[in-house]
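Structure, as structure tokens:
Residue numbers (my numbering): 268 to 414.
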């Protein structure tokens, strides 16, 4: 097979690919934090390729703030339980990961959460520096019981 024939075969293969319709972007209810992008139809395996590329771009390009470390007095490891707290430490950490934080500066900041008495502990109870804001203050972190 000559080089010219190779080009023709490859050209035919590319022309036979399924071409997707125009992408549909649905911003949904919370356009500042969530969007849905629909691209269809795609050749088999192309969805994974496009999805991975889009995920990598978004993760490297988007700026944001999040809780990156937790220290709980009297807790040695994440599989512990805390007396008087209904949830175990693993669940508390997962709940803390869902706390939405807005920060003006890029420098790491320390936030403190102190709670006592029976009831729910919410993200709004976290003591924050002036340039840090909790965006979902009603998010439940854990529940304190008697004891």
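Yeah, the Cβ is synthetic: ideal placement off N, Cα and C, and Gly gets one too.
Source: prediction; values computed, not measured.
Taking the straight line between their C-alpha atoms, what separation do you get for residue i and residue j?
i, j, result
"residue 413", "residue 354", "13 Å"
"residue 317", "residue 286", "14 Å"
Pick helix, strand or coil for residue i, following the three-state DSSP scheme.
i, result
"residue 410", "strand"
"residue 320", "helix"
"residue 342", "coil"
"residue 332", "strand"
"residue 282", "helix"
For residue i, which residues of its own chain have a beta-carbon under 6 Å away from its beta-carbon, when the five flanking residues on both sides are left out?
i, result
"residue 305", "291"
"residue 404", "390 and 391"
"residue 394", "379"
"residue 376", "396 and 399"
Output needed for residue i: all residues of its chain with C-beta closer than 7 Å, excluding positions within five of it in sequence on either side, in chain order.
i, result
"residue 345", "356, 357 and 360"
"residue 303", "293 and 295"
Could you tell me the boundaries of the beta strand (DSSP E) in which residue i lies?
i, result
"residue 368", "368-370"
Enumerate in chain order the residues of its own chain whose CB-to-CB distance from residue i is below 8 Å, with the five nearest sequence positions on each side excluded.
i, result
"residue 347", "355 and 356"
Would you call the segment 349-367 and the segment 311-327 in contact, with 3 or more CB pairs under 8 Å? Fewer than three pairs of CB atoms, one per stretch, sit closer than 8 Å, so the segment 349-367 makes no contact with the segment 311-327.
Any chance the segment 359-370 sits against the segment 326-346, with 3 or more Cβ pairs inside 8 Å? Because the criterion of three Cβ pairs below 8 Å is met, the segment 359-370 and the segment 326-346 touch.
Could you check whether the segment 394-408 touches the segment 365-373, counting it as contact only if at least three pairs of C-beta atoms, one from each stretch, sit closer than 8 Å? In this structure the segment 394-408 touches the segment 365-373; the number of beta carbon pairs closer than 8 Å is three or more.
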